[in-house]
Amino acid sequence: MNIIVTGGAGFIGSNFVYHMLNKYPDYRIICLDKLTYAGNLSTLEPVMSNPNFRFVKADICDKAAVDKLFEEEKPDIVVNFAAESHVDRSIENPQIFLETNIIGTSVLMDACRKYGIKRYHQVSTDEVYGDLPLDRPDLFFTENTPIHTSSPYSSSKAGADLLVLAYHRTYGLPVTISRCSNNYGPYHFPEKLIPLMIIRALHDESLPVYGDGLNVRDWLYVEDHCKAIDLIIHNGKVGEVYNVGGHNEMANIDIVKLILKELGKSEDLITYVTDRAGHDRRYAIDPTKIHNDLGWLPETKFADGIVKTIKWYLENESWWQPIISGEYMDYYQKMYGDK
Ligand code: NAD
Ligand code: TYD
Numbered sequence: 645m646n647i648i649v650t651g652g653a654g655f656i657g658s659n660f661v662y663h664m665l666n667k668y669p670d671y672r673i674i675c676l677d678k679l680t681y682a683g684n685l686s687t688l689e690p691v692m693s694n695p696n697f698r699f700v701k702a703d704i705c706d707k708a709a710v711d712k713l714f715e716e717e718k719p720d721i722v723v724n725f726a727a728e729s730h731v732d733r734s735i736e737n738p739q740i741f742l743e744t745n746i747i748g749t750s751v752l753m754d755a756c757r758k759y760g761i762k763r764y765h766q767v768s769t770d771e772v773y774g775d776l777p778l779d780r781p782d783l784f785f786t787e788n789t790p791i792h793t794s795s796p797y798s799s800s801k802a803g804a805d806l807l808v809l810a811y812h813r814t815y816g817l818p819v820t821i822s823r824c825s826n827n828y829g830p831y832h833f834p835e836k837l838i839p840l841m842i843i844r845a846l847h848d849e850s851l852p853v854y855g856d857g858l859n860v861r862d863w864l865y866v867e868d869h870c871k872a873i874d875l876i877i878h879n880g881k882v883g884e885v886y887n888v889g890g891h892n893e894m895a896n897i898d899i900v901k902l903i904l905k906e907l908g909k910s911e912d913l914i915t916y917v918t919d920r921a922g923h924d925r926r927y928a929i930d931p932t933k934i935h936n937d938l939g940w941l942p943e944t945k946f947a948d949g950i951v952k953t954i955k956w957y958l959e960n961e962s963w964w965q966p967i968i969s970g971e972y973m974d975y976y977q978k979m980y981g982d983k
């Protein structure tokens, strides 16, 4: 089985590459990644010499490069993680989100049509459903919840989802979509809440909590997300959407306090800052469908996963230090230039 994993140098994509190489020693995994600021080649260093792995630096919007790779590799499956993924950046500059997240998805699917792949899987997000009120804990996102986005990021992901479903209906492309809640774990880029707070707390820097800190996210350990995608690409039904989440809702402020407690740091570091524009209040996934249809259940409890994650950041300063200093971008420029 040949699988193209786009965005495999990012947070979830790299965890997926590791999961697949470990679980399926006879599969060939080809990672296509543009190496934006969020892609980190050092994350994939241990598998670079694995004969079942190939890394290709390319943009999913670059039709010629995508076609060339499909021609060379004749993939059976494509799993699309490649995206601009940070809500705050999408508020600053929506354009690149539309290009990568929507145009890039269409370029990939056009190649899938041309080369007749067995499955195109789109890695989407619960953010396409908008948000839920804090005072209605009985409400959850199901696959039938209407798309109702808040940020340029979630709008671009929703646009991509609609396009994926349209390619299925119009061209018969064999697609599946997963919509997952917030992930956490190793290799999470330190602009996102959990790694940002861990690293800033380690440096005794202020921890910027947006608004009142009561916004709720539904956290899932990244390995559980990877296992869900593995199940969907092997056993999921073509044309279907699967919600992925572990019923683990936490207010941001409680996460921040937990991190401070684990690191033995003072809550005086917490600083309430201006709220994010359009800030979604609460996300909460109903994962009944993937549980009933594919037998998926999350395996890592948040209490264990967050301790494991903090320990990982403590032990892997060599991974995040160059990111913070910007050193790795200089390295890419030297190695790849404008290639
Ligand atoms: P990330 O920002 O850590 O990684 C994105 C990767 O995509 C990087 O390696 C980057 O270099 C690459 N990339 C960006 N633009 C590209 C382009 N034009 N061509 C090729 N590669 C490109 O993101 P992540 O957090 O790992 O998220 C991966 C996917 O999962 C995204 O599609 C995101 O929307 C989705 N998702 C993320 C979460 C989460 O909590 N992080 C939750 C649900 C869904
Ligand atoms: P984030 O990790 O950016 O994920 P998303 O916005 O996709 O859910 O943010 C998680 C939550 O943490 C979100 O409610 C915004 C909040 N947040 C802060 O309070 N401070 C920060 O510095 C960041 C990055 C996020």
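Sequential numbering of the sequence shown, starting at 645, is according to my numbering.
Backbone N, C-alpha and C define an ideal beta-carbon position, used for all residues, glycine too.
Note that this is a predicted model, so its numbers are computed, not measured.
Under 8 Å, do residue i and residue j count as touching if we go by C-beta distance?
i, j, result
"His792", "Cys824", "no"
"Thr820", "Glu884", "yes"
"Tyr957", "Ile842", "yes"
"Val710", "Leu752", "yes"
"His765", "Ile873", "yes"
"Tyr831", "Asn659", "yes"
"Leu858", "Ile914", "no"
"Thr953", "Ile838", "yes"
"Leu807", "Ser750", "yes"
"Val951", "Glu911", "no"
Is residue i a contact residue of ligand 2, with contact defined as CB to any heavy atom under 7 Å?
i, result
"Glu728", "no"
"Glu771", "yes"
"Lys836", "yes"
"Leu846", "no"
"Val866", "no"
"His891", "no"
"Val888", "no"
"Asn859", "yes"
"Asn896", "yes"
Once you ignore the five residues that flank residue i on each side, which residues in its own chain have a CB closer than 6 Å to its CB?
i, result
"Arg861", "Asn826, Tyr927"
"Gly803", "Ile746"
"Ile735", "Ala921"
"Tyr773", "Phe785, Thr789"
"Phe741", "Glu728, Ser734, Pro796, Tyr797, Ser800"
"Phe714", "Ala755, Tyr759"
Exposed or buried, which one is residue i when buried takes at least 16 other CB atoms within 10 Å?
i, result
"Ile968", "exposed"
"Lys801", "buried"
"Val882", "exposed"
"Asp919", "exposed"
"Pro669", "exposed"
"Lys871", "buried"
"Arg763", "buried"
"Lys678", "buried"
"Pro719", "buried"
"Asn960", "exposed"
"Leu904", "buried"
"Ser794", "buried"
"Leu783", "exposed"
"Gly939", "exposed"
"Gly683", "buried"
"Asp805", "buried"
"Glu771", "buried"
"Tyr972", "buried"
Kindly indicate which residue of the options has the alpha-carbon position closest to the one of residue i.
i, options, result
"Asn879", "Leu837, Pro695, His891, Ile934", "Ile934"
"Ile704", "Leu904, Glu893, Tyr886, Gly748", "Gly748"
"Tyr886", "Tyr759, Leu907, Asp754, Glu787", "Glu787"
"Val888", "Leu902, Val767, Phe714", "Val767"
"Ser799", "Ala727, Tyr759, Met894", "Ala727"
"Gly657", "Tyr671, Leu685, His923", "Leu685"
"Asn646", "Pro695, Gly683, Gly654", "Pro695"
"Phe699", "Ala708, Asp706, Lys707, Glu717", "Glu717"
"Trp964", "Tyr797, Leu742, Phe833", "Phe833"
"Phe946", "Asp937, Met894, Gly654", "Met894"
Excluding the 5 residues preceding and the 5 following residue i in the sequence, name in chain order all residues of the same chain whose CB lies nearer than 7 Å to its CB.
i, result
"His847", "none"
"Leu817", "Met753, Cys756, Arg757, Tyr764, Tyr811"
"Thr944", "Tyr865, Glu867, Asp868"
Could you name the residues of the same chain whose beta carbon sits closer than 8 Å to that of residue i, not counting the 5 residues immediately before and after it, in chain order?
i, result
"Val661", "Val649, Gly652, Ile673, Cys675, Leu688, Val691, Phe697"
"Val986", "Any question about residue 986 goes unanswered here, given that the chain covers just 645 to 983."
"Leu778", "Leu858, Val860, Arg925, Arg926"
"Leu864", "Cys824, Ser825, Asn826, Asn827, Tyr828, Val888, Gly889, Gly890, Asn892, Pro942"
Any chance the CB of residue i is under 7 Å from a heavy atom of ligand 1?
i, result
"Ser768", "yes"
"Asn826", "yes"
"Ala928", "no"
"Cys756", "no"
"Asp703", "yes"
"Asp805", "no"
"Ile656", "yes"
"Asp775", "no"
Would you say the beta carbon of residue i is closer than 7 Å to some non-hydrogen atom of ligand 3?
i, result
"Pro830", "Ligand 3 is absent from the structure shown, which contains only ligand 1 and ligand 2."
Report yes or no: is there a C-beta of chain B within less than 8 Å of the C-beta of residue i?
i, result
"His663", "The structure shown contains no chain B; it holds only a single protein chain."
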